[in-house]
Structures are given as structure tokens and as C-alpha cells.
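See below for the structure under consideration.
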Amino acid sequence: MDKRILLGVNIDHSATLRQARYRDYGRDFGENVEPDPLEIALAAERGGADGITVHLREDRRHIQDSDVRRIRAAMSTRMNFEMACTDVMVAFALEIKPNSVCLVPENRSEVTTEGGLDVFSQINRIASIVKKFNEAGIKTSLFIDPERKQIEAAATIAAPWIELHTGAYANAYFLPEQRTLEYARLVEAAKLGHSLGLTINAGHGINYVNIAEVREIPHLHELNIGHTIMSRALLIGTEAAVALMKTKMLGR
Ligand code: PXP
């Protein structure tokens, strides 16, 4: 039987491209302001995305507040809102009401999200955020490294979802021993999380090549994929790039 893993398409990099040229202009600059992440989100949905993921970073380097509002109003699948654990972001998310939020660590100097969230060391703070979102009917996912203590901490605070950070595995792809090790960590983490009642998502650094292995990690519910799809979209278009990833997720 086919494994139906859901695909959340992270469209942040379409906004990165827009900001590279139009950071100082705003939408008043009219249709010259391109690409529009809303159009990319709708194209991703037409290509078969099960959800759209956006990360509103504190420094607003790519996605802007207005993008999130416009996409939320026009999209027809599910919005997954990636955010830092700040009061401002919690308030914004409660106003926007995405279907899910993914709590990520944010370090201003990083190019993209690097390590996982340290749930273990700030369990009370994260538990209080998860509680607020539970009460608002918004599912919370915790973006964590595939480590036992982080998974157990996520289970302790009854976060419904975890997103396993696949970056270390992706970075080790061409180093056979390390890759085997990192892949085994992901498999073990997925098994442990599942046994503790967590829903298992994964993301970061997943591409059209490593998807053949990633899709075999047990218990996967959803993958969040951005860079590789946005890159391929430049060559074949967003709809086709998303459809191609969906096909590969089915092992075809
Ligand atoms: N999931 C999370 C939590 C992320 O921070 C990112 C990167 O923004 C992704 C998934 C997507 O990673 P990539 O762009 O490498 O596919």
C-alpha cells in the first residue's frame, strides 16, 4: 500500500527573492513587487501541497506580517506557522489562527533555522505556550533534534506534534558513516516519539534525492520542505515542483 505522507510546502524563499529587490518599497510599489508569496502558495496548493508553511522571523527578512494575513485569507489547505517562542509571535499567531504552529529557535545570525528547539531546558515556558495554543484549537509542533531527552520533554508537556530536525542527516548525506548514524537517530527518534503518543513530522534539508530515504522513516505524518522545491520551481514552475515532490514521496 502507498505511504501517504503529507507535504507542507515552505514558501519563505519566494519572499527572500522579493525582499532582495523590493525590501524598501512595500506593496505600494504595485505589481512590480514580485514574486508574490501568495501566488506561490496558491500554485503550491494546485500542485498538491497539503499545507503551506511560513516562518515569520523576528527580523522579517523574508515573509512579512501582511503576507501571512493575505495567504491565510486566500488559501484552501492548512497553514503551518513557524515562529520563535516570543510573546509578540504568540499574540500574532493567536490572531491569525493558523491550523498549526511550529515552535523553532531563532538566532539572528543564522541564514536558516539551524539547531532544534531546546524543549528540555525551557520546559515551563514552552508548556505555557502549548497550553495557549491548545485552548485556541491550534496544534503545536516542536522543532527538535532527534534526541531522547527532547522527545521525552515534548511528550511530558503534551505537545501534540514534533517535527524532527533532518538537517544533520541531510548535511551528512555524502559521508556514508555519518549518514547511517544520523538516519538511525531519526528512525529511533520517530519510534520513540510515536510510542509516547506524539505525531511525527520532519523537516529541514529534505530534497529530491534524500526523500527516497527520508520517506522510509517510520510513523511520518508530514514533511515540511522548502529550499529544494523553491529552487526547482525556478526551472519547472511551482506547481510542477510540488507535484514532483509528491510523486517522490510515494516512492515513484
Ligand atoms: N522545517 C522547519 C522548522 C524549518 O525551519 C525549515 C527551514 O525554514 C524547514 C522545515 C524547511 O527546510 P528546507 O528549506 O531546508 O526544506
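Numbering that gives the first Met the number 0 numbers the first residue of the sequence shown as 0 and each following residue consecutively.
Heads up, the beta-carbon is just placed ideally off N, CA and C, and yes, glycines get one too.
This one's a predicted model, so the numbers in the text were calculated from it and none came from an experiment.
Using a 10 Å radius around the Cβ and a threshold of 16 neighbouring Cβ atoms, would you call residue i buried or exposed?
| i | result |
| --- | --- |
| proline 217 | exposed |
| serine 140 | buried |
| methionine 0 | Low local confidence applies: a pLDDT of 44 at methionine 0 is under 50, so the model's placement there is unreliable, with the coordinate-based value given in what follows. Under this definition methionine 0 is an exposed residue. |
| isoleucine 235 | exposed |
| threonine 246 | exposed |
| threonine 237 | buried |
| asparagine 338 | Outside the displayed span of the chain (0 to 251) sits residue 338, for which this structure offers no information. |
| alanine 135 | exposed |
| glycine 7 | buried |
| serine 120 | exposed |
| proline 97 | buried |
| alanine 188 | buried |
| glycine 46 | buried |
| valine 213 | buried |
| proline 175 | exposed |
What would DSSP say about residue i, mapped onto helix, strand or coil?
| i | result |
| --- | --- |
| serine 75 | coil |
| tyrosine 201 | The question names tyrosine, yet the displayed sequence has alanine at residue 201. Here alanine 201 sits in strand by DSSP. |
| valine 129 | helix |
| leucine 6 | strand |
| asparagine 31 | helix |
| leucine 102 | strand |
| leucine 243 | helix |
| asparagine 123 | helix |
| isoleucine 39 | helix |
| histidine 12 | helix |
| aspartate 226 | Just to set this straight, residue 226 is histidine in the shown sequence, not aspartate. Looking at histidine 226 - three-state DSSP - the assignment turns out to be helix. |
| threonine 85 | coil |
| isoleucine 216 | coil |
| glutamate 221 | strand |
| valine 208 | coil |
| isoleucine 62 | coil |
| valine 53 | strand |
| methionine 0 | Its pLDDT being 44, under 50, methionine 0 is placed unreliably in this model, and the coordinates cannot settle the point. |
Quick check: is any heavy atom of the ligand NAP less than 7 Å from the C-beta of residue i?
| i | result |
| --- | --- |
| glutamate 212 | This structure does not include the ligand NAP; its bound ligands are the ligand PXP. |
Report yes or no: is there a C-beta of chain C within less than 8 Å of the C-beta of residue i?
| i | result |
| --- | --- |
| aspartate 66 | Looking for chain C here will not work: only one protein chain is present. |
TODO: Taking only runs that begin and end inside the region 135 to 198, name each unbroken beta strand (DSSP E) of 3 or more residues, in chain order.
DONE: 138 to 143 and 160 to 164, all fully within the region 135 to 198.
TODO: Could you say if the region 185 to 196 and the region 147 to 159 meet the contact criterion of at least three C-beta pairs nearer than 8 Å?
DONE: Segments in contact, yes.
TODO: Evaluate contact between the region 167 to 185 and the region 224 to 231, counting only Cβ atoms and requiring at least three cross-stretch pairs below 8 Å.
DONE: No: fewer than three Cβ pairs fall under 8 Å.
Task: Touch test, the region 12 to 26 against the region 200 to 220, Cβ-Cβ under 8 Å, three pairs minimum - done: The region 12 to 26 is not in contact with the region 200 to 220.
TODO: Count the C-beta pairs between the region 40 to 54 and the region 64 to 82 that are closer than 8 Å, then say yes if the count reaches three, no if not.
DONE: Yes: the two stretches touch, three or more of their Cβ pairs being nearer than 8 Å.
Open item on the list: Check whether the region 84 to 95 and the region 64 to 74 are in contact - that is, three or more C-beta pairs closer than 8 Å.
Closed with: Touching, yes, given that three or more Cβ pairs across the two stretches are closer than 8 Å.
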